[in-house]
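S.K.: Pasting a structure here, questions to come.
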């Protein structure tokens, strides 16, 4: 009786409208999460609770609504995750008892949020394609950038690096790297709208505001991603200038060119420019008497210079990687299979939360071991294979579609940020947008496929 009532309840639900509302609420949830962590508790926030409830809702909805064949696959996958979680937590109990158990649970939820959400939405979308979500993603982007800009104007936001001498501000949001990654994956939408729609001052202003915001945050990720996106937009608009569309694209091409000139002219004065040393370099070149650097007493070897460059580029993550690898290598067989988790002993034998590498590929492997990594990655590989099959089946037609290119860029930049700053696969606030980009690309490729087959 209860199962019948559940089924009727889910049949009445308009899932797509709920999903759209969830997308629009993302920046609001992030602000609430930031305020909770900063002012109430670092261990639990309303944001993670909302996201866990949404994940559970999507899981239940997908099991009820998809066809029997796909339903069985989902149940098997969810069962594997549940079984792994039990073994993982038992191993944690054997090592640490119930001390900091919530840290371990929070870690596993944050990591497996992405594959659960992606696979559930993928199966739901297979049954009935979502409408294009670009409008709602663009609105989310505007809320993010408006929050940061308003906070910057009134000096009420939080610094990106509160315990550092670096520059930057992130409005009311919590983590600079996560916010940078979100904007990097959302920004392609507004640039696509600028290039492919009739020229609009509003679209132009949104793009300018996006550039300013990403340079204002001050992270390497935000600066690098916006310049790559500008280059991509310039190339695509430039190609159109040599086609029949040149009469309608010239305003957009001028707008993109102007944005590039302005960005390079003022980047040295932005937090991103100052933090990456662009400001210092340009200051030297423009100064009549360049600042002379003290000569090192001993010339550095190529190996030392290479290691220092790597450390600077990765913000010391290579050193954390060495320490984490050592900890993993010295662990038991069971720990190698299930992962070292998120707790460590200090030199005084006191328990504390582990310092992660902050490169998601390594964090997933070391924290969740061989079993956890296999459960995490296998379905993602299958989805990636399916995606690239669709992309290359009609490659010429697909690649001519600018929306396909920008969506693909959004996915690739997300996967690339994992290597520089992490907090993509392992952060629910970020990974939801990676999942949406993947679904959007699937639907775009499918719509092109349907047109060809008609």
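Residue numbers (the numbering used here): 4 to 457.
By construction, the Cβ of each residue, glycine as well, lies at the ideal position given by its N, Cα and C atoms.
The structure presented is a predicted model; accordingly, all values stated were derived computationally and were not measured.
Take residue 340 and list the residues in its own chain whose beta-carbon comes closer than 6 Å to its own, dropping the five residues that flank it on each side.
M.R.: 372, 373, 374
S.K.: Using 7 Å as the threshold, is the C-beta distance between residue 461 and residue 192 below it?
M.R.: Past the boundaries of the shown model lies residue 461; the chain is included only from 4 to 457, so the question cannot be answered.
S.K.: For the candidate residues 88, 439, 244, 118, whose alpha-carbon lies nearest to that of residue 338?
M.R.: Selected option, being the one with the closest Cα: 88.
S.K.: Take the Cβ of residue 333 as the centre, count every other Cβ of all protein chains shown within 10 Å, and call the residue buried at 16 or more, exposed below.
M.R.: exposed
S.K.: Excluding sequence positions up to five away, which residues of its chain have a Cβ less than 6 Å from the Cβ of residue 416?
M.R.: 187, 228
S.K.: What does DSSP give as the partner residue(s) for residue 354 in the beta ladder?
M.R.: 348
S.K.: Let me know the secondary structure DSSP gives residue 162 once reduced to three states.
M.R.: strand
S.K.: To the nearest whole angstrom, what separates the beta carbons of residue 163 and residue 198, a pair I think is in contact under 8 Å?
M.R.: About 30 Å; that fails the 8 Å criterion.
S.K.: Within the same chain, show all residues whose beta-carbon is closer than 7 Å to that of residue 263, passing over the 5 residues directly before and after it, in chain order.
M.R.: 233, 237
S.K.: Just reading off the alpha helix (DSSP H) that residue 177 is part of, what are its end residues?
M.R.: Premise fails: residue 177 is in no alpha helix (DSSP H) and is neither H nor E.
S.K.: Between the region 413 to 433 and the region 165 to 172, do at least 3 Cβ pairs fall closer than 8 Å?
M.R.: No contact exists between the region 413 to 433 and the region 165 to 172.
S.K.: Where do the ends of the alpha helix (DSSP H) carrying residue 363 lie?
M.R.: 363 to 396
S.K.: What residue range is occupied by the uninterrupted alpha helix (DSSP H) comprising residue 240?
M.R.: 223 to 243
S.K.: Using only alpha-carbon positions, find the residue among 276, 225, 132 that is nearest to residue 148.
M.R.: 225
S.K.: Are residue 114 and residue 429 touching if we call contact CB-CB under 7 Å?
M.R.: yes
S.K.: With a 10 Å radius around its C-beta and 16 neighbouring C-beta atoms as the bar for buried, classify residue 270 as buried or exposed.
M.R.: buried
S.K.: How about residue 37 and residue 139: are their beta carbons less than 7 Å apart?
M.R.: It is not a contact, given that the beta carbons lie outside the stated cut-off.
S.K.: Compute the Euclidean distance between the alpha carbons of residue 65 and residue 71, then round it to the nearest angstrom.
M.R.: 11 Å
S.K.: Return the CA-CA distance between residue 360 and residue 384, expressed in angstroms with no decimal places.
M.R.: 23 Å
S.K.: Using a 10 Å radius around the Cβ and a threshold of 16 neighbouring Cβ atoms, would you call residue 439 buried or exposed?
M.R.: buried
S.K.: Taking the alpha-carbon positions, what's the residue 365 to residue 49 distance?
M.R.: 28 Å
S.K.: For residue 343 and residue 27, what's the separation of their Cα atoms in angstroms?
M.R.: The C-alpha of residue 343 lies about 36 Å from the C-alpha of residue 27.
S.K.: Looking only at C-alpha atoms, which of 39, 35, 34, 56 sits nearest to residue 22?
M.R.: 56
S.K.: Does DSSP classify residue 399 as helix, strand or coil?
M.R.: helix
S.K.: Would you mind working out which of 390, 382, 449 sits nearest residue 120, comparing C-alpha positions?
M.R.: When each option's Cα is compared against that of residue 120, the closest is 382.
S.K.: Using the C-alpha atoms, what's the distance from residue 30 back to residue 146?
M.R.: 7 Å
S.K.: Select from 68, 391, 42 the residue whose C-alpha is nearest the C-alpha of residue 16.
M.R.: 68
S.K.: Using only CA atoms, which one of 160, 75, 442 lies nearest to residue 389?
M.R.: From the listed residues 160, 75, 442, the smallest Cα separation to residue 389 is found for 442.
S.K.: So the candidates are 212, 158, 407, 379; which of them puts its Cα closest to the Cα of residue 82?
M.R.: When C-alpha distances from residue 82 are compared across 212, 158, 407, 379, the shortest belongs to 379.
S.K.: Does the distance from the CB of residue 399 to the CB of residue 184 come in under 7 Å?
M.R.: no
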